[in-house]
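Enquirer: Structure incoming, see below.
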Amino acid sequence: MKFAASLLTLFAVTSAFKVPGFGLSDENVVQLGHDSFNMDSLAEKSSEFLSYLRNLESEMAKAPEEDRHLLRSAWAELAKMSPAKQLEYLRRYESKFHVSQEHMNKKVAATQKNDQYETVTSQKFEGYSLSIAKTKPESLGLDTVKQYTGYLDVDALDKHFFYWFFESRNDPENDPIILWLNGGPGCSSSTGLLFELGPSFIDSKLKPVYNPYSWNTNASVIFLDQPVGVGYSYTNGEQITNTAAAAKDVFVFLELFFQKFPQFLNNKFHISGESYAGHYIPSFASEIVNRADRSFELSSVLIGNGITDALIQHASYKPMGCGEGGYKQVLSDETCDSMDGIYKRCAVLTKLCYNAPSALTCVPPTVYCNKLMEPFMDLGLNPYDIRRQCDEDGGNCYVEMNWLDDYLNLDEVKQAVGSKVDLFTSCDSTVFNNFILSGDEAKPFQQYVAELLEKGVPVLLYAGDKDIICNWLGNHYWSDALDYSEHEAFSSAPLVPWINNQGEAAGEVKNHGIFTFLRVYDAGHMVPHDQPYNALEMVNRWVSGNYNFQ
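In terms of my numbering, the sequence shown opens at residue 51 and continues consecutively.
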């Protein structure tokens with residue numbers, strides 16, 4: 051899963067400014083180990099590069115001397131890595147990340163080719179509109195239920211977010227509504243739709259295969275491509291660079307969605323997702339519950355194999371690889387011993403980010419802490435499933451992901467869903483880079499989970515126990531450590547067996563009140579893909595209010 055050189059690469063490999071003081075000027079030459087680049091040539095590749103570095107220089111001057119020393123050391127250490135090694139540490143394993151800037155230009159050039167839309171606006175959200183395509187997505191044969199596709203359009207900023215809504219197979223008038231979000235950052239929720247929990251999967255012949263365990267069996271499900279630039283979403287203007295900014299757009303989308311479909315306003319509404327949605331969901335949910343002008347209520351959130359508290363999550367890589375996560379040891383004893391020192395440095399850098407979140411403090415741990423994944427990568431292990439190697443020709447380590455991309459780029463598919471772009475991108479490297487450069491990945495988001503619990507919003511953390519990158523141990527650790535009013539009661543609650551409706555041991559569950567942690571046996575990063583029956587039972591139990599799974 052290699053992706054082309056980008057601003058992220060330039061930034062990472064040119065981060066050892068002359069210290070102390072960083073004294074940048076247009077004429078500075080930045081040393082890159084064996085290479086050197088003139089700053090002007092770098093600026094040509096990104097018009098924002100110089101201003102970005104100068105902003106960091108300004109932030110550095112404000113930091114305490116002890117922190118400045120540590121950060122200078124960290125930036126210098128990162129710059130000594132080879133470019134290839136930095137790329138290895140920076141990638142998040144969410145996709146092939148094959149989309150070049152040329153592809154992005156092609157993607158956004160073919161807009162407004164289909165004007166067959168119904169549009170919904172609101173005076174409360176000036177400049178925003180929700181369009182509903184007058185095409186027939188049902189013609190694709192993914193499901194026989196009512197389906198709606200379209201865009202949230204922000205015309206002034208030229209941002210356009212694609213969505214695909216499937217009504218419940220059961221009782222859409224009364225069944226709950228679920229918003230599903232994939233991670234990345236920068237990956238389309240079509241991964242969830244066509245690879246995990248949607249009404250059909252895509253086979254090698256690019257034909258839909260019916261999924262009897264789809265989450266729309268007993269719920270209506272919205273798949274939203276966000277942040278802008280992901281999947282069928284696109285922008286010719288403003289880009290999203292952090293989770294907080296993305297939250298604003300998602301809130302407006304939901305407001306306009308329920309305005310268009312008022313018959314669902316009284317249905318229970320839940321947000322679910324996985325991976326980087328461990329950032330998205332707590333932030334988006336916080337935005338919702340703090341908006342006094344909201345017209346809908348949030349019933350609960352479900353986070354699967356999420357990255358939420360990076361400081362604690364990173365501590366779980368050693369035990370997961372060294373035989374303490376319920377699976378055999380896959381790393382050597384020597385490697386296991388060496389990971390302690392790496393994590394100590396990772397933790398120091400992450401704490402700086404937690405204490406004063408900014409690009410200056412949060413980019414170093416984003417890069418450095420991913421060194422903890424290097425031993426798994428060197429073994430060729432699938433970072434989403436410790437039991438297997440990556441598929442040789444598979445994007446995201448799964449060959450099925452290639453089929454998904456090819457399917458969503460078929461002309462008949464784009465026409466049926468009312469796509470306004472010529473190129474579907476399952477994961478977008480530009481969006482990914484923007485989030486990394488803002489330091490978003492290393493920032494803490496567990497405080498929003500605590501806020502939700504204090505405000506009475508139920509929270510489910512579920513995790514397949516064969517995942518590496520966002521593994522169950524880390525999610526177990528940080529949920530036990532969560533600082534909220536019921537901390538003692540939750541942390542002291544035992545893990546007890548979760549028995550599914552077939553009488554089989556499906557996992558372990560820990561619950562106190564409205565907070566639940568669920569370990570799912572024999573599933574990797576994408577629980578609905580690996581354990582479809584148990585995943586459907588899990589979501590059905592949860593949305594029915596069975597928070598202890600007993």
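We treat Cβ as the ideally placed atom computed from N, Cα and C, and that holds for glycine.
(1) Note the first and the last residue of the continuous alpha helix (DSSP H) segment covering D435.
(2) Please state whether the Cβ-Cβ distance between V499 and L190 is less than 8 Å.
(3) On the CB-based measure, 16 or more other CB atoms within 10 Å of its CB, does N551 come out buried or exposed?
(4) Between V570 and S350, which are expected to be in contact by the criterion C-beta below 8 Å, what is the C-beta distance as a whole number of angstroms?
(5) Can you grab the Cα-Cα spacing for the pair N598 / H562, in whole Å?
(6) Quick one, are the C-beta atoms of N596 and M370 less than 8 Å apart?
(7) Go through the stretch 226–270 residue by residue and report every complete run of the beta strand (DSSP E) that reaches 3 residues or more, in order.
(8) Taking the straight line between their C-alpha atoms, what separation do you get for F245 and S264?
(9) Can you tell me where the beta strand (DSSP E) holding V559 begins and where it ends?
(10) Determine the direct distance from the alpha carbon of C419 to that of L586, and round the result to whole angstroms.
(11) For the structure I just gave you, are there three or more beta carbon pairs, one from the stretch 185–203 and one from the stretch 461–476, closer than 8 Å?
(12) Roughly how many angstroms lie between the CA atoms of R344 and V481, to the nearest whole one?
(13) Would you mind sorting E337 into buried or exposed? The rule is 16 or more other CB atoms within 10 Å of its CB.
(14) Three or more C-beta pairs closer than 8 Å, one from the stretch 174–182 and one from the stretch 248–267: is that the case here?
(15) Counting C-beta neighbours from all protein chains within 10 Å, is the total for D517 16 or more, i.e. buried, or is it exposed?
(16) Sort N261, M423, L352 by Cα distance to E590 and report the nearest one.
(17) Does DSSP put R569 in a helix, a strand or coil?
(18) With H, G and I counted as helix, E and B as strand and the rest as coil, what does DSSP make of L473?
(19) Given this structure, state the Cα-to-Cα distance separating H329 from F495, to the nearest angstrom.
(20) Identify the residues that DSSP records as bridge partners of Q197: which are they?
(21) By Cβ distance below 7 Å, which residues in the same chain neighbour D287 in space, the five residues on each side in sequence not counted?
(22) In chain order, what residues of the same chain lie with their CB nearer than 7 Å to the CB of L532, ignoring the 5 residues before and after it?
(23) When we look at the beta-carbon of N355 and count the other beta-carbons within 10 Å, is it buried (16 or more) or exposed?
(24) Taking buried to mean at least 16 other C-beta atoms within 10 Å of its own C-beta, is E217 buried or exposed?
(25) I'd like to know if the stretch 276–296 and the stretch 467–475 are in contact, where contact means that at least 3 CB-CB pairs between them fall below 8 Å.
(26) Could you pull the start and end residues of the alpha helix (DSSP H) that I353 belongs to?
(27) Residue ranges of each alpha helix (DSSP H) run of no fewer than 4 residues wholly in the stretch 375–435, ordered along the chain?
(28) In the DSSP assignment, what residue or residues form a beta bridge with A183?
(29) Based on the DSSP output, what are the partners of L503 in its beta bridges?
(30) Using only CA atoms, which one of T400, A342, L431 lies nearest to Q379?
(31) Just the Cα atoms here: how many angstroms apart are V339 and T385?
(32) Going by DSSP in three states, P508 sits in which element: helix, strand or coil?
(33) From which residue to which residue does the beta strand (DSSP E) around P547 run?
(34) Report all residues from its chain with a CB closer than 7 Å to the CB of K184; omit the five preceding and five following residues, and keep chain order.
(35) For N405 and Q363, I'd like the C-alpha separation in whole angstroms.
(36) Could you please give me the residues that DSSP links to I290 through a beta bridge?
Expert: By the coordinates alone:
(1) No alpha helix (DSSP H) contains D435, which is instead part of the beta strand (DSSP E) from 435–439.
(2) no
(3) exposed
(4) Actually they are not in contact, since the Cβ atoms of V570 and S350 sit about 18 Å apart, beyond 8 Å.
(5) 8 Å
(6) no
(7) 227–231, 250–252, 258–260
(8) 11 Å
(9) 555–562
(10) 34 Å
(11) yes
(12) 28 Å
(13) buried
(14) no
(15) buried
(16) A quick correction: the sequence has Asn, not Glu, at residue 590. Answer by Cα proximity: L352.
(17) strand
(18) coil
(19) 6 Å
(20) F216
(21) Checking the sequence, you will find Gly at residue 287 rather than Asp. The residues are L207, D208, K209.
(22) Q496, V499, A500
(23) buried
(24) buried
(25) yes
(26) Counting along the chain, I353 falls outside any alpha helix (DSSP H), though it belongs to the beta strand (DSSP E) covering 350–356.
(27) 383–405, 409–418, 424–428
(28) Y167
(29) Its beta-bridge partners do not exist; DSSP assigns none.
(30) L431
(31) 45 Å
(32) coil
(33) 546–549
(34) Q166, Y167, E168
(35) 17 Å
(36) DSSP, once it has assigned bridges, lists no residue as partnering I290.
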